[in-house]
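Residues in the sequence shown are numbered from 154 upward in steps of one, following the working numbering.
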Amino acid sequence: MGSVTQPPRPRKGLLRSALASTPVLPILPPTMPIQIFNSLTRQKEAFAPLDPAGKRVLFYACGPTVYGKFHIGNARTFVMTDVVRRWLVKRGHDVQFAMNITDVDDKIIRKANDEGVASEVIAARYTDYFLSMLERLGNMGGVIHPKATQHIPQMVTMIADLVARGHAYATPDGSVWFEVGSFRDYGKLSRMPLDEMKQGERVDAAQQQLKRSPLDFALWKGAKEGEPSWPSPWGNGRPGWHIECSSMSMEALHSQTIDIHSGGSDLRFPHHENEIAQSECATGKRFARYWMHMGMLDIEGMKMSKSLGNVKNIDEVMEFIDPLILRYFFMSAKYGDKIDYTESTIHQCQSAMERMITADQSARRILGTDSPTDWNSDEELQATWNEFAAGMDDDFNSPRALAAIAKSVTLLNTRIANENDKASIARATALLAELREALGISGELVRKNTGGLGDEEIESLIAQRTQAKKDRNFTLADQIRKDLLGKGVQLEDSRTGTIWKRV
Ligand SMILES: [Zn+2]
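Put into structure tokens, the structure is as follows:
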């Protein structure tokens with residue numbers, strides 16, 4: 154396949170994120186291989202990267218389509234991917250990590266047409282938004298972010314290879330389709346019966362007629378009026394979504410086979426199934442060796458959906474919940490399990506984070522100018538580290554890791570109670586700091602969840618705001634609304650007055 158058998162080209166079009174570079178985490182060699190639940194084999198497997206030295210790891214995660222804000226469920230996927238990456242780094246791996254940005258897509262084009270701007274404007278706006286949200290959520294930088302629009306020639310080459318190998322065909326409308334029936338292993342990831350599969354992409358009736366099978370999916374979409382397009386042997390057009398990830402993962406990581414491929418569990422079918430089919434048919438090699446899928450997020454026991462009106466965008470959530478607490482909350486369930494976002498869980502996570510931070514601050518007050526010191530010689534702390542590491546080695550079991558952190562906080566508090574032994578406090582402080590760093594929850598809280606406002610205080614502030622509006626003092630009215638939101642109280646004006654809820 155042309156795009157990867159040629160000598161490595163300069164990494165044109167590979168955007169390095171502008172975030173801080175990857176922090177250097179102290180390296181501790183593993184005593185046992187990390188176990189990963191491989192969604193492909195549906196088993197836990199000992200992780201062994203392709204690299205014969207066992208060091209370099211090629212890791213690709215599906216990134217966003219940049220047409221709007223992303224919600225708290227997407228945020229969980231991105232954060233848990235970072236938790237996995239951090240642990241691999243902590244265990245001494247040299248992790249090459251790529252996450253694509255889909256910047257050409259039906260949804261982007263629709264949004265651009267609605268706003269009367271070019272689709273590049275929409276894509277650029279939401280790429281910036283995406284990167285800034287990842288940074289606020291505490292994800293590490295140093296990510297390779299390939300953009301679809303900058304890899305079109307490589308995708309065209311891959312599609313041409315698929316046509317040449319008899320796995321794809323062009324139709325008179327200028328589109329190219331992957332012929333699902335040509336790949337015997339189709340369905341090996343999702344394990345769905347073929348007759349229950351639906352591609353779910355928008356295909357008009359005329360195109361449906363042209364396809365050899367309803368299950369065939371688009372590799373290349375013939376140009377339509379008012380849409381961005383690029384030249385190809387089949388005429389002008391644009392790539393299908395699935396081919397982007399097949400092409401960009403190999404391009405960004407310089408290998409036809411990658412170690413880990415991850416994404417939300419909603420991408421397992423058809424997206425990841427199609428990625429496997431395209432990649433393996435184009436190269437004749439295995440595509441990804443370990444597939445990892447991040448679980449979905451419910452809101453108060455309900456599936457998050459536009460029709461229920463309970464979709465929470467991440468920037469809005471971070472208006473009133475500190476990113477550290479959110480991160481803690483995401484890690485409170487295993488990455489592959491469903492997680493339920495409830496007020497009471499968020500409060501528990503807040504208490505745990507506050508306890509951790511308070512212990513650290515108390516310890517540092519006692520230590521004064523003394524630094525935290527190496528904890529390795531301390532058996533009690535060593536045992537806590539072992540529990541943490543055993544949890545993370547066991548398929549990145551973050552709830553177990555958080556339990557070990559809670560234990561290390563208890564140990565630190567016990568030592569603080571006996572102020573005389575500064576050296577033992579210094580060691581326990583160092584361990585706590587290291588465990589927090591490993592999960593990306595270092596730092597202070599910048600935002601309190603609720604200001605502890607009682608109902609009466611809230612009602613009184615709303616009355617002040619109503620009066621301010623009557624007085625046409627909209628600056629004050631708006632300030633009161635913002636202050637309340639900062640304390641976790643959301644106002645909604647209706648014809649009958651202002652209603653409020655804790656959010
Ligand atoms: Zn993808």
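From the three backbone atoms N, C-alpha and C, an ideal C-beta is built for every residue, glycine too.
Check: Classification of ARG648 by the beta-carbon crowding that lies within 10 angstroms, buried from 16 upward; Outcome: exposed
Check: Segments assigned beta strand (DSSP E), at least 3 residues, entirely inside the region 225–295; Outcome: 247–252
Check: ILE633, buried or exposed, once every other Cβ within 10 Å from all chains shown has been counted against 16; Outcome: buried
Check: Closer than 7 Å: GLU428 CB and nearest ligand 1 heavy atom; Outcome: yes
Check: PRO299 beta carbon less than 8 Å from that of MET401; Outcome: yes
Check: Near ligand 1: GLY416 beta-carbon under 7 Å from a heavy atom; Outcome: yes
Check: Best match in THR522, ASP475, ALA516 for proximity to HIS500 [C-alpha to C-alpha]; Outcome: ASP475
Check: heavy atom of ligand 1 below 7 Å from ASN253 C-beta; Outcome: yes
Check: Any non-hydrogen atom of ligand 1 closer than 7 Å to CYS434 Cβ; Outcome: no
Check: Inter-residue CB distance, GLY593 and ARG239 (contact presumed, cutoff 8 Å); Outcome: 6 Å
Check: Residue(s) in a DSSP beta bridge with ALA628; Outcome: Correcting the residue type first, residue 628 is Thr in the shown sequence and not Ala. Answer is none; THR628 lacks a bridge partner.
Check: Beta-carbon proximity list for ARG508, same chain, < 7 Å, skipping 5 on both sides; Outcome: VAL562
Check: Option nearest ASP281 by Cα separation, candidates ILE429, ILE254, PRO205; Outcome: ILE254
Check: Same chain only: Cβ atoms within 7 Å of TYR220, ignoring 5 sequence neighbours per side; Outcome: ASP258, LYS260, ILE261, LYS264, ILE275, TYR279
Check: Any non-hydrogen atom of ligand 1 closer than 7 Å to HIS424 Cβ; Outcome: yes
Check: Residue burial classification, ILE396 (beta-carbon count within 10 angstroms, cutoff 16); Outcome: buried
Check: Span of the beta strand (DSSP E) around ASP338; Outcome: Per DSSP, ASP338 belongs to no beta strand (DSSP E) and is neither H nor E.
Check: Beta-carbon spacing of LEU588, ALA557 below 8 Å; Outcome: yes
Check: The region 315–334 contacting the region 363–381, beta-carbon criterion three pairs below 8 Å; Outcome: yes
Check: Cutoff 8 Å; reference ALA581; Cβ partners in own chain excluding five residues on either side; Outcome: ALA516, TRP528, ASP531, LEU534, SER561, LEU564, LEU565, ARG568
Check: 7 Å Cβ shell around ALA583 - same chain, five flanking residues per side excluded; Outcome: PRO525, THR526, ASP527, TRP528
Check: CB-CB length for PHE440 against ILE429, believed under 8 Å; Outcome: 5 Å
Check: Same chain, Cβ closer than 7 Å to MET185, neighbours up to 5 away in sequence not counted; Outcome: ASP546
Check: Secondary structure, alpha helix (DSSP H): runs of 4+ residues fully inside the region 501–575; Outcome: 532–546, 551–570
Check: Distance, VAL237 Cα to THR511 Cα; Outcome: 27 Å
Check: ASN427 - DSSP class collapsed to helix/strand/coil; Outcome: helix
Check: Where ILE652 falls, given that 16 or more other Cβ within 10 Å makes a residue buried; Outcome: exposed
Check: Environment of THR194 [buried if 16+ CB atoms lie within 10 Å]; Outcome: exposed
Check: Beta-carbon spacing of MET484, LEU555 below 8 Å; Outcome: yes
Check: Within 8 Å, strictly: CB atoms of VAL232 and ARG480; Outcome: yes
Check: Alpha-carbon to alpha-carbon, ALA251 and ILE410; Outcome: First, the residue type needs correcting, since residue 410 is Thr and not Ile in the sequence shown. Between THR410 and ALA251, the C-alpha separation is close to 14 Å.
Check: Around ligand 1, Cβ to any heavy atom closer than 5 Å, ordered along the chain; Outcome: CYS215, CYS398
Check: LYS459 Cβ short of 7 Å to ligand 3 heavy atom set; Outcome: In terms of ligand content, the structure shown lacks ligand 3 and carries ligand 1 instead.
Check: Straight-line gap, GLY245 to LYS208 (C-alpha atoms, nearest Å); Outcome: 7 Å
Check: Cβ-based neighbour list, ASP451, same chain, cut-off 8 Å, excluding 5 preceding and 5 following; Outcome: MET457, LYS491, ILE492, ASP493, TYR494
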